[in-house]
Each structure stands twice: as structure tokens, then as C-alpha cells.
């Protein structure tokens, strides 16, 4: 018989957790058997649990068969047209208040850390949207000592999105009469060359990585972690604000992380980690 939505959801949770246990234990045959069962029930355009299961299936297939998965996945095109991507981003911000809160908290930290600075350089490791920095520009304009010269280096793998962000920020900076320049770096986060960020020694700088550091966990180059840390003084900001505190997930096993995500534990905003 056809399962009802709630029955299918419970079945998928059971299958996902069992699959995670076998992946963590290195039992490839058993894990693959569970993946086959999950694939029969999951759907990228189904209900909430089906969509979650669809993404879990893809991630676990990547962990089990990284070379084969990359080869098959390389033929897929997932980049939306610019207008659709911008609309999707706006809907996400409307539906998920945590992101707007993250922007507010991050901007406040930058404002406090850069008080009195005449030149401020911000590196945004996911510059696909200008919303956060438009708010920062407006905040800097209201500083008692006047706005600084603001430089933003935006990192993203798609140049079209970077260009769109640059245009919006330049227009807002011109409207507010704030000296501004935008440096676009077309790169994935996992192979980012810190020298391309053009951060000068002694320059007041900040790095924003909202919802980005977790992506390095799945990178085939994650052991080197070039974008997460560097011995170069050019990549040592005055303040690092990480939202959410994603680093704690590294200390947990794959099944434990899976339980946290499925039950909603990792969907909350656990806090803000600040390193001065």
C-alpha cells in the first residue's frame, strides 16, 4: 500500500539513521542497501522529509563513493538564472529570521571592532547577495566620526552574482556618499587563494563566513583547509564572527550529526562564536 506522508517520514528517518551508522562503520554494502531503499521514498520536490532525505542520500553517496559521485555529478547544472537566484534568496531571508539576525549581529561586531578606523576591509566568503552590506553601509554612514573608506572583497564561484552584488553596493555607497570599492574573487571556498583577497598588512579587516564553514567538511581538499586558516598575516582579521557555531559538529560522529539535523537541534541558532 502507499504510505501516508507521516508514515513515509518516520520510515525515512529510520532508514537515514541506519544508513548513517553503516557509513560511519565503513560497512559499504549495508549502507548502499539502505541508500537504495531511501531513494525509493525520497524526492527533491516532495514533502519536507522527502526533500531532506533526498539531500542526505546525495551527501552519503558522496561520502561512500566520492570519485564516482563527482564524475556523475559534474554533468549537472544547478546554477539558476540571476533573477531566479535573487528571488529565491529574498524568499529565504523572509522565511528564515536567523539569517537576518546573523547579518545584524555580524554588522554590529564589525562596527564595534572598526570604531575610529578610516579604512575598513571586509572579506565576504559568500558574496551572492548585497543585503547584509547595504545595512552595514547605512550604519557606517551614521558614525559620529563619519564613514570610513570601505573595501569589500567578495568571494563566489559565479562571476555574474559577484557583478550583481558589486553594482548594488556601488549604487548604495554612491547614494550615501561613502568611499567604496569592491574586489571580486571568482573561486570556490575550498580552493581559495588567500593572496587573491588583497588584504594589506596592518589594514583593519574582518572576514564574514555566514553559513559557509560547514561546506569545507565535504571538500576533498578539507585536510588542507586553505580557506579556513592561513599563516599569512593578510588573512588574520581583527575579529572573526562565525554564525552558527558550526565547528562543534566536527567533534561528533556522522550519526550524531544526522540525528541533530533531523530532529531540528542543528537547525537552531546555537550561538555566536567570537575570536578576538
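Numbering (the numbering used here), first residue to last: 2 to 277.
Each residue gets a CB set at the ideal place from its N, CA and C atoms; glycine is no exception.
Endpoints, beta strand (DSSP E) assigned at residue 154: 150-157
Under a three-way DSSP split, which group does residue 200 fall into? coil
When we look at the beta-carbon of residue 126 and count the other beta-carbons within 10 Å, is it buried (16 or more) or exposed? buried
For residue 209, count neighbouring C-beta atoms within 10 Å of its own C-beta (all shown protein chains included) and say buried if the count is 16 or more, exposed if not. buried
Just verifying my parser: in three-state terms, what is the DSSP assignment at residue 44? coil
For residue 183: DSSP bridge partner residues: 153
Whose C-beta lies closer than 7 Å to the C-beta of residue 37 among residues of the same chain, with five residues either side of it excluded? none
Looking at the secondary structure, which residues open and close the beta strand (DSSP E) in which residue 205 lies? 205-209
Run through DSSP, which three-state label would residue 30 get? helix
Which residues in the same chain as residue 20 place their Cβ atom closer than 7 Å to its Cβ, once the five residues preceding and following it in sequence are excluded? 32, 35, 36, 39 and 61
On the three-pair Cβ rule with 8 Å, is the segment 89-96 touching the segment 156-169? no
Name the residue from 161, 207 and 201 whose alpha carbon lies nearest to the alpha carbon of residue 83. 161
Going by CA-CA distance only, name the one from 149, 186 and 103 that's closest to residue 159. 186
Do you know offhand how far residue 154's Cα is from residue 124's? 5 Å
My output table needs one value for residue 95: the three-state DSSP class, helix, strand or coil. helix
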